[in-house]
DNA sequence: TCCTGTGAAGTTCTTCACAGCC
DNA sequence: GGCTGTGAAGAACTTCACAGGA
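Protein chains in written order, with the numbering used here: chain A, 0 to 209; chain B, 0 to 209.
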């Protein structure tokens with residue numbers, strides 16, 4: 000994979016969105032697509048799409064656009080989706096429970112293979128077919144199951160402590176649903192804050208100031 | 000509220016994060032706080048905090064920092080959180096069900112007062128204490144209950160149609176959990192895409208390319 | 001003619017650095 | 001001394017515009 004430029008954070012996020020659109024196109028039997036058409040479907044501009052795609056090579060055909068299946072393969076490869084990621088869910092409260100059943104991501108790529116929970120009454124059994132372990136077993140199980148991704152769904156007050164435990168267990172990427180934002184991690188690790196309160200408060204702002 | 004500058008999208012999102020930190024400080028009895036301390040807690044820089052706050056006035060005390068409770072009140076006012084928003088949840092599949100019980104946002108500000116669902120076997124009763132209506136009643140109920148915010152939790156293929164219905168019903172702000180991104184809406188309306196697949200795929204990228 | 005790929009220009013966002021005030 | 005508020009500088013991102021290939 001020729002990485003001709005640094006791919007920015009924003010570009011990475013958009014690639015994921017392009018990918019979804021391309022998969023839909025592929026399901027509908029489409030062979031090729033132009034940057035303008037992708038732009039229309041994802042609510043962006045043709046120039047933005049081309050700039051983003053140009054970060055990792057030139058494989059469009061001038062005058063004809065991009066080959067849909069080739070572009071899907073390329074983006075999957077860039078994003079590292081061409082392998083399977085074992086994921087740990089930490090926290091089996093109400094939101095953790097719902098995340099364990101939510102399949103918004105592709106199961107063949109991201110698979111929750113272990114759940115960790117503090118409350119001993121919940122551990123030692125399965126939830127939704129996934130074994131539930133005490134949180135103290137994090138390091139042991141993560142190593143055994145090759146887990147490097149985590150979904151953190153504990154209360155905000157426990158966020159820092161749990162994230163630290165996850166780091167110690169070798170988890171290097173986390174989706175943080177705790178609501179606590181900006182938790183510090185070392186440079187080799189990544190935490191993405193997913194914050195529904197912030198999202199809905201942003202809407203409140205726009206509806207108020209308009 | 001003196002709006003001295005346009006507040007950018009990014010600033011608005013950060014305000015929400017500052018607010019959460021400030022509330023925690025207030026609960027701990029803190030009276031004042033410096034931009035540097037907020038920055039440390041949210042993982043940002045002091046200059047960024049000051050720039051963001053300067054958008055809507057100057058109320059820090061030089062040499063002393065900001066008054067915590069005053070800043071909370073101001074940010075709540077800026078974000079429009081000083082009133083109650085009635086919210087509609089559209090889609091009562093598994094993820095919709097979990098969103099209806101998830102209280103990641105403040106209930107005194109955002110209150111789900113109606114659920115809408117296509118499947119007639121689910122309508123006409125309550126779920127988690129919230130009445131479930133057929134989706135065709137959207138306009139009628141939204142007007143009756145003064146609903147202008149919506150949480151969309153239907154399958155991606157239905158996203159465009161449901162968002163259009165919500166717009167027609169007078170809903171002007173939506174959290175879009177469908178996974179379909181970039182749905183077009185008129186300029187007076189706002190859709191925020193919340194995309195767990197994109198978030199986790201971004202992590203995959205960073206762990207792969209490192 | 002159509003559409004890509006890409007420098008250049010334009011815009012937006014962040015960081016710097018310091019005057020000013022407590 | 002400590003910390004805010006803010007122009008100015010710098011960095012990052014987006015859009016423009018056009019050369020060039022199919």
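Note that the Cβ used here is the ideal one computed from N, Cα and C, for glycine as well.
8 Å CB neighbourhood of residue i in its chain, flanking five on each side removed
i, result
"residue 136 (chain A)", "115"
"residue 119 (chain B)", "133"
"residue 250 (chain A)", "The question about residue 250 (chain A) has no answer, for chain A in this structure spans 0 to 209."
"residue 210 (chain B)", "Since the first residue of chain B shown is 0 and the last is 209, residue 210 (chain B) is not available in this structure."
"residue 21 (chain B)", "32, 37, 67, 70, 71 and 74"
"residue 201 (chain A)", "none"
Rounded distance between the beta-carbons of residue j and residue i, thought under 8 Å
i, j, result
"residue 178 (chain B)", "residue 43 (chain A)", "About 17 Å; that fails the 8 Å criterion."
"residue 124 (chain A)", "residue 107 (chain A)", "Not really, about 26 Å apart at Cβ, beyond 8 Å."
"residue 170 (chain A)", "residue 206 (chain A)", "Actually they do not touch by this definition, with Cβ atoms about 38 Å apart."
"residue 90 (chain B)", "residue 37 (chain B)", "Not quite, the Cβ-Cβ distance comes to about 37 Å (not below 8 Å), so this is no contact."
"residue 203 (chain B)", "residue 78 (chain A)", "6 Å"
Residue burial classification, residue i (beta-carbon count within 10 angstroms, cutoff 16)
i, result
"residue 56 (chain A)", "exposed"
"residue 109 (chain A)", "buried"
"residue 75 (chain B)", "buried"
"residue 93 (chain B)", "exposed"
"residue 9 (chain A)", "exposed"
"residue 192 (chain B)", "buried"
Residue i versus residue j - alpha carbon distance
i, j, result
"residue 46 (chain B)", "residue 155 (chain B)", "40 Å"
"residue 41 (chain A)", "residue 19 (chain A)", "9 Å"
"residue 50 (chain A)", "residue 145 (chain B)", "43 Å"
"residue 27 (chain B)", "residue 69 (chain B)", "15 Å"
"residue 6 (chain B)", "residue 208 (chain A)", "10 Å"
"residue 35 (chain B)", "residue 61 (chain B)", "13 Å"
"residue 183 (chain B)", "residue 23 (chain A)", "17 Å"
"residue 105 (chain A)", "residue 85 (chain A)", "12 Å"
"residue 39 (chain A)", "residue 52 (chain A)", "16 Å"
"residue 65 (chain A)", "residue 25 (chain A)", "12 Å"
"residue 54 (chain A)", "residue 31 (chain A)", "20 Å"
"residue 59 (chain A)", "residue 12 (chain A)", "21 Å"
"residue 143 (chain B)", "residue 71 (chain B)", "32 Å"
"residue 48 (chain A)", "residue 117 (chain B)", "35 Å"
"residue 67 (chain B)", "residue 158 (chain A)", "23 Å"
"residue 186 (chain A)", "residue 160 (chain A)", "18 Å"
"residue 102 (chain A)", "residue 29 (chain A)", "26 Å"
"residue 188 (chain A)", "residue 81 (chain A)", "21 Å"
Chain-order list of residues whose beta-carbon lies under 6 Å from that of residue i (same chain, five-residue window excluded)
i, result
"residue 140 (chain A)", "113 and 132"
"residue 168 (chain A)", "137, 138 and 141"
"residue 100 (chain B)", "127"
"residue 162 (chain A)", "182"
"residue 33 (chain A)", "64"
"residue 164 (chain B)", "137"
"residue 73 (chain B)", "none"
Contacts around residue i, its chain only, beta-carbon distance under 7 Å, and the 5 residues preceding and following it disregarded
i, result
"residue 190 (chain A)", "162, 173, 175, 182 and 184"
| message | Three or more C-beta pairs under 8 Å: does that hold for the region 184-201 of chain A against the region 2-16 of chain B? | response | Output reads yes: the region 2-16 of chain B touches the region 184-201 of chain A.
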